Each structure stands twice: as C-alpha cells, then as structure tokens.
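Written out below as structure tokens is the structure these notes cover.
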Amino acid sequence: MSRRGFRKLKNGLFLGLSMVATAAGLAALGAILFTLITHGLAGLSPRLFTQMTPVPNSAQPGGLLNAIFGSAVMTAIGILVGGPIGVLAGTYLSEYGRNSRLSTAVRFINDVLLSAPSIIIGLFIYEIVVVPMGHFSALAGAFSLAVLAIPVTLRTTEDMLNLVPAGMKDSSAALGAHPWRTTISILYPAARSGIVTGLLLAVARISGETAPLLFTALNKQFWSTNLAEPMANLPVVIFQFALSPYAEWQQLAWAGALLITVTILVLSVAARMLLAVLYRQSGGGR
Amino acid sequence: MLKIMKHCGVAALSLGALAALGAEDITGAGATFPYPIYAKWADAYKKLSGVGINYQSIGSGGGIKQIKAKTVTFGASDMPLKPDELKAAGLLQFPMIIGGVVPVVNIKGIGPGQLHLDGATVASIYLGEITQWSDARIKKLNPKLNLPGTAIAPVYRSDGSGTNFLFSDYLSKESPKFSSSIGANTSVQWPMGIGAKGNEGVANMTRQTDGAIGYVEYAYAKQNQMAYATLTNKAGGVVEPNAESFQAAAASADWAKADSYYLILTDQAGAKSWPITGASFILVYRQPTDPNAVLAALKFFNWAYQNGGEMAASLDYVPLPAPLIAQVRKTWSTEISAGGKPVWTGS
Amino acid sequence: MDGELGPLGAEPATRSIPLTVAIIDPRHAAKQQIYERLFRAATLSAAVLVLLILGGVALSLLQGAWPALHRFGLHFVTSEVWNPVTDKFGALAAIYGTLVTSAIAMAIAVPAGFGIALFLTELCPPVLKRPIGVAVELLAAVPSIIFGIWGLFVLAPVLQRHVQPWLIEHLGPLPAVGRLFQGPPFGIGILTAGIVLAIMVLPFIAATMRDVFDTVPAMLKESGYGLGATTWEVIWNVVVPHSRAGIVGGVMLGLGRALGETMAVTFVIGNAHRISVSLLAPGTTISSAIANEFTEAVGDLYTSSLIALGLLLFLITFSVIAAAQAMLRRLERRALTSI
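Order-wise, the sequence lines are chains A, B and C. The numbering used here puts the first residue of the first sequence at 1, with every later residue one more than the last. The numbering used here puts the first residue of the second sequence at 1001, with every later residue one more than the last. The numbering used here puts the first residue of the third sequence at 2001, with every later residue one more than the last.
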C-alpha cells in the first residue's frame, strides 16, 4: 500500500474509533437512564410523597416522604450556610485580592476542595460536630453539605464577577462609591444569573451526596423535624434499601434514585440555560 | 438582593422553629439479626403510644460502638459482651429475642430445605477447600440431589456482626482447622469469598449470585423465600430451621446461672436443636445520663415482652420464656439507676 | 435596592441618598467607611475560612489517625493484614484496590474520553454538537450512588453470566496474562468496579479534553491541513502537543476523582481485604472500606486505622489534584497571554 493510502487508513481507523467511543459513552448514559426509568417508574406514585419509609413486609407499601423532607431540609440548610460563604469568598477574590498571595492560595485550595473525596469531608464533620454533640444529627449532615457547596459557589461567583465589564466598576468608583457599595449595587445585580447558576450547580452537587451523610445524619424510619437528631434522607435510604433483599424496599430505592436524578438533571439543565442567557447578555451587550 | 436575603432569613427562622418543635424519638442501633422484628414492633408501638423507636440496623459492632460513644440510647448485639467488658464500660446487657442463623444457597434447581449440609462441610467451603457444588463431599450428604458443577461463591458479612459471631463460633466448634486459622468473633478474616453488609446485604448478594452460599438470620431467609439448607446437629439428627428447633436449642440453656446473661446457644445438645441458635441482646447504661430516654426504651421492651410474641412468631423468632423475662425485669429494677433512684419502677 | 442598570452601564442604583451626597456629608462618609470595613472583613473571613476548612480536615484526620500510625508505623502501609479480632491493621489491600480500580478506570476512560473529545471538536456535524455535548455532561451530573446500584443490578449479572466466563475460558489459560483472569465468576469485583468507575470519570475527561481542544487556534490547525495532513495527523501532531498541559491536567483530575470515589465502588467491589492478582476477584478500596466499616468499628485502634486510611486517601488525592490544578492553571495563563 502506498504511504498515502496507509495514512488514509490510519485516519479512517482513528476517526472511526472516536465515533465508537462516543457511541459507547452515549450508550452507557442511555443504559443507565433506561434502567433508572424502567425500574423507577414502576415505583412512582403519589404515595411516595405521602407515606413514610416502611418496615419490611408491612401491610402498607410505604413511601419516601420522610426521606424527601430530610433531604430537602438538609440541602436547604447546606446551601443557606455554604452558599453565602462561597459568594462572599468569591467576592473577596474578585474584588479585593485579585493578585495577592492569599488569594492565590485560596483559589488553589478551593480547587482542591472542589475535587476532594466527599467521604473525607464526612469524616471531618464527624470529628468536629457528631462526636462533641454526642449523637448523629441532621445539622451535622447539613454542615457537611455546606462544606461541599462552598467550593462550587466560590468558583462560579469569582468567575462571574470577573466577567462584569471593568467600565461599570470604574464608573461607580469615579462617583465615589466604596468597593462594598459597588459590589452590592452594581456587581451583584449584573452577575446575578451567574451567581444563581453557581448556587444551582451547588444544589445539584450536594443533593446526590451519600458518603458524608453516612457518618453525620445517619437515617431514621419515621417522620422527624428535629435537626438535632438523625434524619431520613434519600441517598442513605437508597443505599440501605438497594442492598436489602426486600422487593418493596428495592422498588422504593429505584423510585428514589429516579427522583434524585431527575431533580439534579433539571437543576443542571436550568443552570446551563441561565449560563447561556448570561453569555448572550454579556457577549451581545458589549 | 436584600429582598432575597430577607426571604432567606425568614426561611431559616421557620426551619429553626420547626426544629425546636420536633418530638424526641428514642434511638437505638446495632444488630441486623433482629432488625425485622424490632422494626415490626417499633411500628406497632408507635401507632399505640406515639413514641418512635428509631432502630438503625448497622451491625452488632456498630451497636456496641455507638452505645459506648453514647450516641444512642440503647445498643443491640448478637454477641454477648463478657462480664468484665460490661463492667468496665458501665453497661448492662439483657436478652431480647432468640432466633437462628441459617445457611442459604443459590443453586439452580435447588429449593428451600432440599440441600443438606453439616458443620464440617460448611467450614471446608468457607476455608476454600471445596470449590464446586458437585464436589464428592457434598454429594455424599445429598445422594438424591442433582447438583450442578457451578463454582461455589461464599458470601460473608463484611461488617462487624453478631451473626458473624454465631456462625464462626459454630464452624469453630465443628472444624478444628477453622478454629485455628479463622476463629470466632464478630469480624473475622475470611480467606476467600465476597463480603456484604448486614444480613440484608448477604441475603441480597446470595440471591443475586449464581452458586452462592451465605448465612442469614432465619427471618431474612423466610421473608424472601430463599433456599435454606438443613444441618446435622450435635445429636446427629438432621434438623430444619424453624421456631421449634430454635426453641429446642434454647430450652436447655440455664440463664439463671449466666453471669450478666453471657450465654452462647450454638451447638446445643438435644435431638431437635438447631445448631446455630442465638439470643440477641440489648445494651444500656447502668447509670444513664438521660434516664427518661432509657425509661422510655425499657417501656418499649416491656411492651414487646408482653405483647410482641405473636409478631415474633410470625417471623419465626422465639420469644424469651416467662421466667427469663421476670429475671430480666428484676435486673432492670436493681441494676439501672439515676441519682440513687432506680429507673425502672414497674413490675 | 436591585437597581436597574441604564443603557450606558452603571447608574447610581440606590434609592437612598445619592453617592455624591455621601462624600460631601461627613456623617454619611463615616458610616460608609464602617460598612466598607465590615464588608471587607466579611469577605476576607469567608476566604480565610476556605483555608481553615482544608487545614481543619488535614488536622482532624491526623489527630484521628495518630493512634494507628503510632502503633503500626510504616508497617501500616506495607501490611495486607486487616484483622479486627487481633487488632492488626494494614492498608496495603485497600491501597492496592484503590490503585488498580483507578488504573482500570483510566485505561478505559482516557482513550474513550479522547475519542469523544475528538469527535465533538472535529467530526461532529454542528447540529449534533450541542446535544451530544450536553448528553455527555449530563452523565457527569448523575449521582454516584446511581452508578453503584446500576453496576450491582445490571452490569454485575451481565458480567457474571456472559463476560466473565468467556474471559476465564479464553484468557485464563494464557501464560502471563491469564493470571489476571482466574477464579469463579462472581460478577462483582475489581474489574467490575473499574468499569463502573470508568463510566463515572468519562464525562469529566471528555469535557476537559474537548474544552482544551477548542482552545487550539484555528490557524495552527489550518496550517496543518494546508500542508496536506489528514484529520488524524492534525489532531495527533498539532492539537495534542499544543494541549498537552490541559490533557494531562484533565486526566489527572479524572484520576483524582476515581481515587476518591466511594458509592459507585462500594456496591460492586466485593469488600474483601485481600490482594489478588486476578481482576475477577473481590477486593476493597480505601473509600469503600471506610464507608462500610466506620460506623461499626469497635475499639479505638480499629476506628483510628480507618481514619488513617482516610488520611492516606487525602494525601494521595491532594497530591494528584494539586498537580493537576497547577498544570491547568499554567495552561489558562498561557491561553490568556497567547494570541
């Protein structure tokens, strides 16, 4: 074969392989979503939202109400605590300390925390919250989620604030505004959708986390609103139920898995759409 | 921006208020062995009294750890703690319910109760000496069964558990090689096989894997219609696992003489005894820091002693004999105190 | 307070006093100064908090692991024994499992991710680029526990019934490679965990590589085509060398994720504290050992050994992720300063 033909063959081969890789990746996604939908839909019914997690072989099929509530509460507290911290820290990095050594260090450490194994965070919160408190609690679970939310919001806030045109900041400074006034009155409104995107991404990230909740919030088979006690939550319930031999528990596990996945996918898509709007705004508004 | 912050503040305050209004449930943790019956009892008790008993089945090892760390009101363990360990930790233990551990298998064409094994053979399987179901030693015990050549996949408990203790204790009694190389404890180093978490995990893994053998508390095997195996007991007879054979094993036990109720029921004498029987224990503090919580827990246990027998029987657990229950109640009133006064004042 | 911005950009967006008044009136000026200090302090403390968190994690892990490290010393890292009965613990089996499952995951995900990135940047018709890109990133959004249960209930039986017997029969008897494929087909085990991890890590690697490929200046690629190179030759000889730092950074980020992954692995690893040469055997990883055993570990030495495992994981992932971030930042800075 001529050299040219050989090169063409190699080209075709590798490009073909890349198509195979893409098809395989899409097939994997499809397989997982397909399994999730077929198993999960069977268990989907209004009682998921009206009944508590059942005991094995009980008369009532049961639902996931306490788990859904617990997850919602802990995620809400997690983002309420972690979100503002991340936004404020991102503001510092963007506004006050663009090039200081502290900022470089914070950025670096933040990126490490962003990819750190969440089980380590769970161990950390166990040591500083669960042990002194004397028992597992929903509060400890919420704090571990807050720690996981901070890196995401920090990163997005800093990036979004940096995107705001310098002209706006300069105009505000020229009028004599302090940085805090500029930030609150000019920058935050301008970067609003970006910051909200960051918060959405953080919520998407923490709602699916299981490992940290295993050592902090544990689980509970009843309805509970007490933050100082263990609280049911979807990921740990799924973990427990999926590994059990009871058919109705496994079905609830799949239904819960479908709920979590759909929530996170919707949040992720919403975040991307917001980002697209922001991109168009800043790019087109120049 | 401020509007958003205001809304967040309101939300946080209302969550805080909700939290303050939350009712106190009693938390216990431990063995997965009695979990089906404890959960059933807790469910019924909550409907009757409104008190929630939140039992987390995380394994006996977990129960012991949590009660020692005082993160739960009561712990549950299938392996009784030794009297000196109890004294050192300031704990009290008492038996709650009796049940049996059964070997379960997943072999094509073999149904519940069809396969017959004995202790030595099971030990050899878990030691890795017997690797296929068609092995001659298994065939000898089952001349009439058509066993396929599938590879044996032993499943064991990966978490610390009393079920592990009972099973390894039985195998240690039946096989000197097992006793010397692996031993009996809540967590042992199995030389081969797959680990799964909790009775639930072992049951699930056994059901999923072709050619698997595992060991679970009988309620798990029964509720999921798993293929359990019959065993040869100490007296030489072939026994099926059921309430009768568990009770036969428990009948010969002398609880009055046991210090701190330390008694292991495996390999008991008796023609009808099931060789892997065991009691499940509750652990509480002798001088609890929260006497109200312990009292609420004791009330639940008392209710279970008096009214839980039928539910227990439906799952093939064996309730404690009446004299033993009386003995336990007496222990409650004499051993558990707070500020000089006994916590349990009922009868 | 959420003032509307005018068409020229900034407008005094406050409904209270105009800013110009604030400067003239000393009372207001003083208040503004105080607010400024408070705000600056708040943002600074938030930033410092991030450092404190990492420091706190490292310290609490060290403190918790100290009893085990003190007792076993270096032996902790070299011993395979994990025996709660005799209170002897060694991390070697967990470290081995973590490294091998991650290696399998990388071996599958890096070429596949490269292929996907290549497809998205060079071959994909523009109409499909967005949806396929979104689909790949959606895979990244799926929580890891979903991968775990999918692996256990769907992948493991398929492997047990079809793939593993084939591997044992055809590759088992081979001289050197065969030792990797011995043993009964459990369905779960190191190979299964590696495959599930690969699917988990794939979207991150694909997305990073695609972003990096996209930053290659069109001019460089056009020069290659102008010289008569095939698409593949341009990719391999122009795009890849240009994006080297980014590729390595992305791969290492994916590796960091694979090393620390817990839930996806715990379901399918088999929970056996043993080192086996065969990939079909069950094993354990650091994170799944902690997840499985932490709440049940009785005894201070057992708990401390598990936290020591956590410390090891922290050190391993920290170094990998830190190196990856350093490389990616270098690339970012280069991209900002290049044409």
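Idealized CB from N, CA, C, for every residue including glycine. Just so it is clear, the structure is predicted and the values come from calculations on it, not from any experiment.
Test: residue i CB closer than 8 Å to a CB of chain C
| i | result |
| --- | --- |
| A/Trp180 | yes |
| B/Gly1075 | no |
| B/Ser1209 | Before going further, note that residue 1209 of chain B is Thr rather than Ser in the sequence given. Chain C, which has a Cβ nearer than 8 Å to the Cβ of B/Thr1209, makes this yes. |
| B/Ser1187 | yes |
| B/Ala1089 | no |
| B/Lys1065 | yes |
Element boundaries [alpha helix (DSSP H), containing residue i]
| i | result |
| --- | --- |
| C/His2070 | Pro2026 to Phe2072 |
| A/Ala42 | Arg3 to Gly43 |
| B/Glu1217 | Counting along the chain, B/Glu1217 falls outside any alpha helix (DSSP H), though it belongs to the beta strand (DSSP E) covering Ala1212 to Glu1217. |
| B/Gly1030 | No alpha helix (DSSP H) holds B/Gly1030; the beta strand (DSSP E) holding it covers Ile1026 to Gly1030. |
| B/Ser1049 | Tyr1035 to Ser1049 |
| B/Tyr1055 | Looking at the DSSP string, B/Tyr1055 is not in any alpha helix (DSSP H); the run it does join, the beta strand (DSSP E), is Ile1053 to Ser1057. |
| A/Phe136 | Looking at the DSSP string, A/Phe136 is not in any alpha helix (DSSP H), and its letter there is neither H nor E. |
| A/Met168 | Ala166 to Ala174 |
Boundaries of the beta strand (DSSP E) in which residue i is found, first to last residue
| i | result |
| --- | --- |
| B/Ile1130 | Where B/Ile1130 is concerned, there is no enclosing beta strand (DSSP E), given that its DSSP letter is neither H nor E. |
| B/Thr1230 | Ala1227 to Thr1232 |
| B/His1116 | Leu1115 to Leu1117 |
Neighbour flag for residue i against chain A, beta carbons, 8 Å
| i | result |
| --- | --- |
| B/Val1102 | no |
| B/Lys1040 | yes |
| C/Ser2060 | yes |
| C/Thr2043 | yes |
| C/Glu2169 | no |
| B/Asp1316 | no |
| C/Trp2232 | yes |
| C/Ile2307 | yes |
Sheet register partners of residue i (DSSP bridge)
| i | result |
| --- | --- |
| B/Gly1099 | B/Gly1278 |
| B/Lys1341 | B/Ala1338 |
| C/Lys1953 | The first residue shown for chain C is 2001 and the last is 2339, placing residue 1953 of chain C beyond what the model contains. |
| B/Pro1154 | B/Ile1213 |
| B/Val1318 | B/Ile1098 |
| B/Val1239 | B/Leu1231 |
| B/Ala1076 | B/Gly1030 and B/Ile1282 |
| B/Gln1093 | B/Leu1283 |
| B/Asn1146 | Beta-bridge pairing links B/Asn1146 to no other residue. |
Residue i to residue j span [Cα, whole Å]
| i | j | result |
| --- | --- | --- |
| A/Val266 | A/Leu113 | 25 Å |
| B/Gln1093 | C/Phe2039 | 57 Å |
| C/Ala2206 | C/Phe2213 | 10 Å |
| C/Ile2188 | C/Ile2095 | 19 Å |
| C/Thr2014 | B/Val1072 | Residue confidence is low: C/Thr2014 scores 46 on pLDDT, short of 50, so the model does not pin down where it sits. Its coordinate-derived value is still stated next. Roughly 54 Å between the two C-alpha positions. |
| C/Ser2319 | C/Arg2329 | 15 Å |
| B/Lys1222 | B/Pro1154 | 20 Å |
| C/Leu2159 | C/Thr2192 | 8 Å |
| C/Val2265 | C/Lys2221 | 41 Å |
| B/Ile1097 | B/Gly1183 | 25 Å |
| C/Ile2235 | C/Ala2103 | 25 Å |
| A/Phe14 | C/Ala2042 | 54 Å |
| A/Ala23 | C/Val2251 | 21 Å |
| B/Thr1232 | B/Thr1334 | 41 Å |
| C/Glu2080 | C/Ala2272 | 11 Å |
| B/Gly1211 | A/Ile68 | 38 Å |
| A/Arg272 | C/Val2134 | 9 Å |
Residue i at chain B interface by Cβ criterion, 8 Å
| i | result |
| --- | --- |
| A/Asn162 | no |
| C/Ala2297 | yes |
| C/Pro2282 | yes |
| A/His39 | no |
| A/Phe143 | no |
| C/Glu2080 | no |
| C/Phe2186 | yes |
Just list the alpha helix (DSSP H) runs in the region 1169 to 1207 of chain B, keeping only unbroken ones of 4 residues or longer that don't cross its boundaries, in chain order. 1176 to 1181
Curious, which full-length alpha helix (DSSP H) runs of at least 4 residues does the region 2105 to 2190 of chain C contain? 2126 to 2141, 2144 to 2150 and 2164 to 2170
What residue ranges within the region 2240 to 2325 of chain C form continuous alpha helix (DSSP H) runs of no fewer than 4 residues, ordered along the chain? 2244 to 2260, 2263 to 2266 and 2286 to 2293
Any chance you could list the beta strand (DSSP E) runs of at least 3 consecutive residues sitting entirely within the region 53 to 84 of chain A, in chain order? Counting whole runs of 3 or more residues, the region 53 to 84 of chain A contains no beta strand (DSSP E) stretch at all.
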